[in-house]
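So the structure is just underneath, and the comments pick up after that.
Structure representation (structure tokens):
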């Protein structure tokens, strides 16, 4: 194998790998959101039950992603979950302070995400602010239990 | 009594082999690279990496397509076929890419490495090098080790990408899944750090293990024609088993510990 | 003994014991290789003659005994020191052992490129000179697989003299060669030894060819030196070993029959239940 041709092939190989890796990083894992992690402002909310919500779960308004869940911690005083949301900086001054945040499931067996229902106030939530109105995740077992309980009540 | 003696002896033999193999590995890894020897590494990149491309691309394309087909048949019963992108990408990036890519590499590139080194040993070319004042570990073994370490992760990345596109082609153009939901279900569930990087780490670990085995078996092969065949078979078998075992350990550590 | 005691031996081996597994290969062997002379190590097949060469070059270490090269004990030489020692040695393997992935030219140029900083133009001249010495200058661009066995060995010879060594070792150079090639090799070995003032060691069992050019012969058998002397001394040597080997007798100290139980009893199955 002539030395020069060899170099060409190896160079092509490396190029191909880089292309493949780029494709994997961006198209497959949606890496474009990688950088947004540092940009954006922090909004907190308390929930009674977080269900299957995980850090990096989506935060949406009207179905459009406006941020990600940054952390989920337990507040020892109220025994409720304190969720810190990272809202992307392009949505600054957007969320009215009387909006409500709910934990919902996409589809029947999908992932959990946070849906923000915008309120009507002119004042908006700022960095470090809170969303006071929250709706916790629905636990299927509790729902079924409730259903059965109601059924029993009715038949009595 | 003889039985236990035999077991004890094989354990001792194994430990001795392991010790020798480790010293051998360190010797090869830490031999000082010289500018002159760069072309040796380049040649091995070609032999180990570029020449494995055909089988990797071919296999991965088919694996991706089959994943799409099989995934679809099951998921359509749950109405979950829009998540096909997610299924294909996660299976490949986390498991199939590193493992299948590693197994193919073990069968093609590693067996070739072992056979080549064993043949060099048998035809006394390794001794010739020594007698001409050249260290065969520096000249023959080290370039091949490094080439294997670097090329397998590269090949696995290519495997993943090609397979995903193969899956895309079947899902969207043939099974009629919506292109948008294919990619979005994938993007929302595949995490760059946890899935892709972990998959690459797996392939790096496999590369270290498998190339080490290949080079070692060639180096200690019996210098006869059956010795070469025996060593080559050993490489393929040991490499494959080691990949599967390491995969289990790595998966347990990486993926079940997810927050 | 016609060795000049005044000159120091280039290579001296004393009390060499070496075993491979259960097989004892050398059981107390003493060998002296004198400079400027062709010394032959001969013996029946399997007596470990090649192993002796490997011990001399440091490829193997003896279980016990001393090996002196140029007056220095190589017992505790590091790999780096051995490498430096080997640059003044050339070895011709039985199979030639050319590097199969390089051309004839590159094979001969190998040592020059590795160990010197000579410019390519000078290396080219040196390589052509070495190839001319073995008569293969025209074959410089061929690959080893395109050469016949004899040509292979001649190229390997050119390669081993590339760095102008002062000791050269031949492992069975005449084995399996046609008469013409043998004649060429015999002529070459003697010529090189004399014109380049080399010290030559030949390991062989071809009595006629070796006796033609050797200055001194060692005969090995059963792990020991059983006879030594100049070719004429060996021809007239009365010891049973020398007699059997030099005259090619089928039976003698090296038995024809592999040890076996009594023939009659074996055939008639006496003693078998």
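Protein chains in written order, with this note's numbering: chain A, 3 to 158; chain B, 1287 to 1545; chain C, 18 to 290. Glycine is no exception: its CB is placed at the ideal position from the N, C-alpha and C atoms. Only a predicted model underlies this, so the values are computations on that prediction, with no experimental measurement involved.
Residue contact with chain A for residue 1443 of chain B: present (Cβ-Cβ distance below 8 Å to some residue of chain A). Judged by their CB atoms, residue 121 of chain C and residue 157 of chain C are nearer to each other than the 8 Å cut-off. For residue 251 of chain C, same chain residues with a beta-carbon under 6 Å away, outside a window of 5 residues either side, are 234, 259, 263 in chain order. Listed along the chain, the chain A residues whose CB falls inside 8 Å of the CB of residue 1432 of chain B amount to none; the nearest CB is some 13 Å away.
Within the stretch 61-121 of chain A, complete beta strand (DSSP E) segments of at least 3 residues are found at 66-77, 82-89, 102-107, 114-119, given in chain order. Under the 8 Å criterion on CB atoms, residue 12 of chain A is classed as interfacial with respect to chain B. For residue 36 of chain C, the beta-bridge partners assigned by DSSP are C/41.
Taking 8 Å as the CB threshold, residue 192 of chain C stays off the interface with chain B. The beta carbons of residue 1421 of chain B and residue 1317 of chain B sit closer together than 8 Å.
Linking residue 113 of chain A to residue 1494 of chain B through their CA atoms gives a straight-line distance of about 37 Å. Identification of chain B residues near residue 95 of chain C by a Cβ-Cβ cut-off of 8 Å yields none; the smallest Cβ-Cβ distance measures about 12 Å. Straight-line measurement puts the Cα of residue 120 of chain A at about 6 Å from the Cα of residue 97 of chain A. Collapsing the DSSP output to three states places residue 68 of chain C in a helix. Below the 7 Å Cβ cutoff, chain B contributes 1419 as neighbours of residue 100 of chain C, in chain order. In this model, residue 89 of chain C and residue 28 of chain C are separated by some 9 Å (Cα to Cα). With respect to the C-alpha of residue 1386 of chain B, the residue from B/1482, B/1349, B/1520 having the closest C-alpha is B/1349. Of the candidates B/1439, B/1340, B/1356, B/1439 places its Cα closest to the Cα of residue 1483 of chain B.
Residue 1481 of chain B is classed as buried because its beta carbon has at least 16 other beta carbons within 10 Å across all chains shown. Taking the C-beta atoms as reference points, residue 1394 of chain B is found no nearer than 8 Å to residue 1343 of chain B. Contact annotation for residue 1410 of chain B against chain C: 110, 112, 114 [CB-CB distance below 7 Å, chain order].
Those residues of the stretch 18-34 of chain A placed with their C-beta closer than 7 Å to a C-beta in chain B are 18, 19, 22, 23, 25, 26, 27, 29, 30, 31, 32, 33, ordered along the chain. Residue-level contact check: residue 8 of chain A touches chain B, since one or more beta carbons of chain B fall below 8 Å from its beta carbon. Residue-level contact by beta carbon holds for residue 127 of chain C and chain B, with a gap shorter than 8 Å.
For residue 1413 of chain B, the nearest CB of chain C lies under 8 Å from its own CB, placing it at the interface with that chain. DSSP, read as helix, strand or coil, puts residue 253 of chain C in coil. With respect to the C-alpha of residue 1328 of chain B, the residue from B/1417, B/1522, B/1426, B/1347 having the closest C-alpha is B/1426. For the stretch 1309-1338 of chain B, the set of positions with a beta-carbon nearer than 8 Å to some beta-carbon of chain C is empty.
The beta carbon of residue 162 of chain C sits closer than 6 Å to none of the beta carbons in its chain outside the five residues before and after it. By the CB criterion at 8 Å, residue 84 of chain C and residue 30 of chain C fall inside the cutoff. The beta carbons of residue 61 of chain C and residue 238 of chain C sit about 6 Å from each other, so the pair counts as a contact at 8 Å. Against chain A, the beta carbon of residue 1372 of chain B has no neighbour under 7 Å; the closest one sits roughly 10 Å away. Residue 221 of chain C: member of the beta strand (DSSP E) spanning 216-221, first to last residue. The beta carbon of residue 1481 of chain B sits closer than 8 Å to some beta carbon of chain A. As computed with DSSP, residue 244 of chain C is found in a beta bridge with C/236. Nearest to residue 1353 of chain B by alpha-carbon distance, out of B/1523, B/1339, B/1448, is B/1448. Shown here, residue 1526 of chain B sits in a helix according to DSSP, grouped into three states.
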